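*Asks:* The structure's right below; bear with me while I get my questions together.
Number of protein chains: 2
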Amino acid sequence: MSNYRSGDLSHYCASVFTAAGVAHERAHILAESMVHASLRGVESHGVSRTTIYLKRIAEGMINPNSELVIEQKSSSSALIDARNTIGQYASLKASELAAELASLHGIGCVGVRRSNHFGAASFYTIPLARRGFIAIAMSNAPTSMALWGAAKPYTGTNPLSYSVPAGKYEPVTLDMATSIVARGKIRRAWKQGETIPEGWAIDSDGNPTVDPEKALEGFVLPFGGVKGSAIALFIEILAGVLTGAAFGPSLGSMYNDFTKEQGLGHFFLAIDPGKFFPSDGFSRRMETMLEEIWALPASPGNERIFLPGEKEGLAEKERSLNGIPLEHDVEAELQDLGRRYEILFPKAIEN
Amino acid sequence: MSNYRSGDLSHYCASVFTAAGVAHERAHILAESMVHASLRGVESHGVSRTTIYLKRIAEGMINPNSELVIEQKSSSSALIDARNTIGQYASLKASELAAELASLHGIGCVGVRRSNHFGAASFYTIPLARRGFIAIAMSNAPTSMALWGAAKPYTGTNPLSYSVPAGKYEPVTLDMATSIVARGKIRRAWKQGETIPEGWAIDSDGNPTVDPEKALEGFVLPFGGVKGSAIALFIEILAGVLTGAAFGPSLGSMYNDFTKEQGLGHFFLAIDPGKFFPSDGFSRRMETMLEEIWALPASPGNERIFLPGEKEGLAEKERSLNGIPLEHDVEAELQDLGRRYEILFPKAIEN
Numbered sequence: 012m013s014n015y016r017s018g019d020l021s022h023y024c025a026s027v028f029t030a031a032g033v034a035h036e037r038a039h040i041l042a043e044s045m046v047h048a049s050l051r052g053v054e055s056h057g058v059s060r061t062t063i064y065l066k067r068i069a070e071g072m073i074n075p076n077s078e079l080v081i082e083q084k085s086s087s088s089a090l091i092d093a094r095n096t097i098g099q100y101a102s103l104k105a106s107e108l109a110a111e112l113a114s115l116h117g118i119g120c121v122g123v124r125r126s127n128h129f130g131a132a133s134f135y136t137i138p139l140a141r142r143g144f145i146a147i148a149m150s151n152a153p154t155s156m157a158l159w160g161a162a163k164p165y166t167g168t169n170p171l172s173y174s175v176p177a178g179k180y181e182p183v184t185l186d187m188a189t190s191i192v193a194r195g196k197i198r199r200a201w202k203q204g205e206t207i208p209e210g211w212a213i214d215s216d217g218n219p220t221v222d223p224e225k226a227l228e229g230f231v232l233p234f235g236g237v238k239g240s241a242i243a244l245f246i247e248i249l250a251g252v253l254t255g256a257a258f259g260p261s262l263g264s265m266y267n268d269f270t271k272e273q274g275l276g277h278f279f280l281a282i283d284p285g286k287f288f289p290s291d292g293f294s295r296r297m298e299t300m301l302e303e304i305w306a307l308p309a310s311p312g313n314e315r316i317f318l319p320g321e322k323e324g325l326a327e328k329e330r331s332l333n334g335i336p337l338e339h340d341v342e343a344e345l346q347d348l349g350r351r352y353e354i355l356f357p358k359a360i361e362n
Numbered sequence: 012m013s014n015y016r017s018g019d020l021s022h023y024c025a026s027v028f029t030a031a032g033v034a035h036e037r038a039h040i041l042a043e044s045m046v047h048a049s050l051r052g053v054e055s056h057g058v059s060r061t062t063i064y065l066k067r068i069a070e071g072m073i074n075p076n077s078e079l080v081i082e083q084k085s086s087s088s089a090l091i092d093a094r095n096t097i098g099q100y101a102s103l104k105a106s107e108l109a110a111e112l113a114s115l116h117g118i119g120c121v122g123v124r125r126s127n128h129f130g131a132a133s134f135y136t137i138p139l140a141r142r143g144f145i146a147i148a149m150s151n152a153p154t155s156m157a158l159w160g161a162a163k164p165y166t167g168t169n170p171l172s173y174s175v176p177a178g179k180y181e182p183v184t185l186d187m188a189t190s191i192v193a194r195g196k197i198r199r200a201w202k203q204g205e206t207i208p209e210g211w212a213i214d215s216d217g218n219p220t221v222d223p224e225k226a227l228e229g230f231v232l233p234f235g236g237v238k239g240s241a242i243a244l245f246i247e248i249l250a251g252v253l254t255g256a257a258f259g260p261s262l263g264s265m266y267n268d269f270t271k272e273q274g275l276g277h278f279f280l281a282i283d284p285g286k287f288f289p290s291d292g293f294s295r296r297m298e299t300m301l302e303e304i305w306a307l308p309a310s311p312g313n314e315r316i317f318l319p320g321e322k323e324g325l326a327e328k329e330r331s332l333n334g335i336p337l338e339h340d341v342e343a344e345l346q347d348l349g350r351r352y353e354i355l356f357p358k359a360i361e362n
């Protein structure tokens, strides 16, 4: 395990994507999205994803440089056809449009169809929260999760993020999969030859399993039982059905299907608290709430109460200073990708 | 246990509220909200709540007839000061305004502050879905639930509802508390002298309990662990912090505090799918999704897959035909309330 400067990794990944034919801005957005996740300790969506994105681009499954088309537009809503470009690029533009609509009209929402995997959802919500908006991002995902009462999967692990500005404190940020656990974590366990805890997943016959390979062939279960299942379904409706994207089993798998586009859909929403409160009234109230929560006694086994996104924010601070640790296999894989394009892998930070 | 016609119960409850000084329209909305819950089998929010609403009105803790004031307004958002009127009245008006904004601009949201308990959240979302909108309703609630990692409660069991139009099928409707279980269910168990399952709640010292009385003195836990906790917090932010309502421990208890207003906040959101799809494109896609899900094999122990709100919808159909069953104690309590105002309790349906 060696540590790398986030800026170096971002530059390296962007260079690899650019060499593979991705336009400059998009290559940088894609690289930044992965580094964002790596910095926040979300390795499952971190720079290790370079390989699969590059593979899909190389195999013609993503059209990295196609232009976005705004298909529908009203004062506060819009629908974008991403035309199978990079999910992160389409999503960043869509989320920025949602904020623009919100700043004009109080609230704005933008749907995206015909898109690809959009990485960590908080990559879109946190920047909007830093600009003062309450932001929501969600996406559907390839079929892998069984709805409540079903023996076969229908939705994916449909991610959901919100981020809320909190004055002098860091934005309060949720970024979660609607499964009990993200498939990325199962994938990591599989890569590292580890077993997974019982209850995370079921094999393709519907039996509980601790074998990550069988779990990846099978499916995961929603968080929070029947309630979480209903929330995952709602994300499928907003991100998939409302946007005109593919949904349910008609979505393409990122890892296992190199014969068709993924056809993913996303949904972004922004609210301008300034339309509810004059000046910084909302921020002051958020500060009060956070201080009240931090002052509560922690439950046994917890040193103190962490707000959503707080631990990830601390990881981001620490890794911005000390670098992003990469496992040797991720390191080797990344180096290998660069070699193809004669791009030099950055030096690790010396201890 | 006797069954009563929903129309009779609605008329009776409305008459009682009118006799207690509530203006005609508001009395009827309040009665309809409770009958809506009773019809859908959600007894915890059903006609049995007449007693507590009436008590708060009688004690001057609710100003039933005060006029709503729209405090802030932009094209797609609004903030309403409910001026301590009946929560159901303020909420119905707010949700209708959200739909009006959505029909004009694609999406609309309306916050409400200085309100009271708003009953079953689906009372607001289902009518909007029947008119073609995707609707969301949420409210904060008196402190009773511990956030993830906390030994003391902060938020309430903050309810969340969505309802989505589905063409020829009934709207897909979630109506949930963000606790593992609604406090109303614990209250019912207490009224009926039953114990509650372990894991639902913790007593005031933080110990697990199966005694509903101790659970009501203590607090409940969020659904879905750390993820559900973050969702409950987000509802507190949108319904409480953003609206200028009270939040966290500063909210007044409906049952235990007759010295101050509840100060609740709500948040309503509506999306017009017509702004994303021409004509009935969205409805057709929803029909396809529902048919795909119903066609999935059910997991062991389940006869078939039920979508969110489907069981409640079946209950509503059955009870619309055969009447709403009332326990004897609820029956007696309701009769007693009417006697005060010389209003005749309806006859039960004869078998």
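Line by line, the protein sequences give chains R and H.
Each residue of the first sequence is one higher than the one before, starting from 12 at the first, in our numbering.
Each residue of the second sequence is one higher than the one before, starting from 12 at the first, in our numbering.
All residues carry an ideal CB built from backbone N, CA and C; glycine is no exception.
Since this is a predicted model, take the numbers as computed values, not measurements.
(1) Whole angstroms is fine: what's the gap from I242 (chain R)'s alpha carbon to E361 (chain R)'s?
(2) Looking at G229 (chain R) and D214 (chain R), is the spacing between their C-beta atoms short of 8 Å?
(3) Given a limit of 9 Å on CB to CB distance, which residues of the segment 231-258 of chain R reach chain H?
(4) When burial is assigned at 16 or more other CB atoms within 10 Å of the CB, is P289 (chain R) buried or exposed?
(5) Checking the sheet assignment: what are the DSSP bridge partners for I81 (chain R)?
(6) So L318 (chain R) and A161 (chain H) are supposed to be a Cβ contact under 8 Å. How far apart are they, rounded?
(7) Kindly list the residues whose CB is nearer than 7 Å to the CB of S26 (chain H), restricted to its own chain and excluding five residues on each side of it in sequence; keep chain order.
(8) Can you tell me the Cα-Cα spacing of A101 (chain H) and I147 (chain R), whole angstroms?
(9) Taking G122 (chain R) as the query, report the chain H residues whose CB atoms sit under 8 Å from its CB, ordered along the chain.
(10) So which residues of chain R does Q83 (chain H) contact, with C-beta pairs closer than 7 Å?
(11) Any idea what DSSP makes of S106 (chain R), helix, strand or coil?
(12) What is the DSSP secondary structure of L253 (chain R), reduced to helix, strand or coil?
(13) My output table needs one value for H22 (chain R): the three-state DSSP class, helix, strand or coil.
(14) With distances taken Cα to Cα, identify the nearest neighbour of W159 (chain R) among R:I191, R:A30, R:P208.
(15) Could you check what DSSP says for A148 (chain H) in three-state terms: helix, strand or coil?
(16) Beta-carbon of M149 (chain R) versus every beta-carbon of chain H: anything under 8 Å?
(17) Does DSSP put A212 (chain H) in a helix, a strand or coil?
(18) How about G117 (chain H) and S294 (chain H): are their beta carbons less than 8 Å apart?
(19) Which residues share a DSSP beta bridge with D186 (chain R)?
(20) Helix, strand or coil for V341 (chain H), going by three-state DSSP, please let me know.
(21) Hey, could you find the ends of the beta strand (DSSP E) H39 (chain R) is sitting in?
(22) May I have the straight-line CA-CA distance separating G98 (chain H) from I68 (chain H), to the nearest angstrom?
(23) Scan the segment 301-319 of chain H for residues whose Cβ lies nearer than 7 Å to a Cβ of chain R and list them as they occur along the chain.
(24) For S150 (chain H), does the count of other Cβ atoms within 10 angstroms reach 16, so buried, or fall short, so exposed?
(25) To the nearest whole angstrom, what separates the beta carbons of G373 (chain R) and F144 (chain H), a pair I think is in contact under 8 Å?
(26) Mind listing which residues of the segment 329-341 of chain H have their C-beta closer than 8 Å to chain R's C-betas, in chain order?
(27) So, P153 (chain R) versus S264 (chain R), is the Cβ gap smaller than 8 Å?
(28) So with CB distances below 9 Å, who are the chain H contacts of K271 (chain R)?
(29) Is it true that the CB of A131 (chain H) sits closer than 8 Å to the CB of H39 (chain H)?
(30) Counting only the same chain and skipping the five closest in sequence on each side, list residues whose C-beta sits under 8 Å from that of L65 (chain H).
(31) Per DSSP, S126 (chain R) is paired with what?
(32) Using only the alpha-carbon positions, how far apart do M431 (chain R) and R60 (chain R) sit?
(33) Using a Cβ-Cβ cut-off of 8 Å (strictly less than) and excluding sequence neighbours within five positions of N333 (chain H), which residues of its own chain qualify?
(34) With distances taken from CA atoms, which of H:E272, H:D291, H:Y173 is nearest E70 (chain H)?
(35) With distances taken between CB atoms, is the gap from G52 (chain H) to K238 (chain R) smaller than 8 Å?
(36) Beta carbons nearer than 7 Å to chain R: which residues of the segment 80-104 of chain H have them?
*Replies:* Working from what's here:
(1) 45 Å
(2) yes
(3) P233, F234, G235, G236, V237, K238, G239, S240, A241, I242, L244, F245, E247, I248, L249, G251, V252, L253, T254, G255, F258
(4) exposed
(5) R:I91
(6) Contact flag wrong, Cβ pair sits at about 11 Å.
(7) I354
(8) 26 Å
(9) F287
(10) K286, F287
(11) helix
(12) coil
(13) helix
(14) R:I191
(15) strand
(16) no
(17) strand
(18) no
(19) R:S172
(20) helix
(21) Run containing H39 (chain R): none in the beta strand (DSSP E); it sits in the alpha helix (DSSP H), 35-50.
(22) 12 Å
(23) E303, I304, L307, P308, A309, S310, N313, I316, F317, P319
(24) buried
(25) Any question about residue 373 (chain R) goes unanswered here, given that chain R covers just 12 to 362.
(26) none
(27) yes
(28) Neighbours of K271 (chain R) on chain H: none; closest Cβ ~18 Å, over 9 Å.
(29) no
(30) V27, F28, A31, L348
(31) R:L275
(32) This structure cannot speak to residue 431 (chain R), because chain R is shown only from 12 to 362.
(33) N14, I360
(34) H:E272
(35) no
(36) Q83, S85, S86, S87, S88, L90
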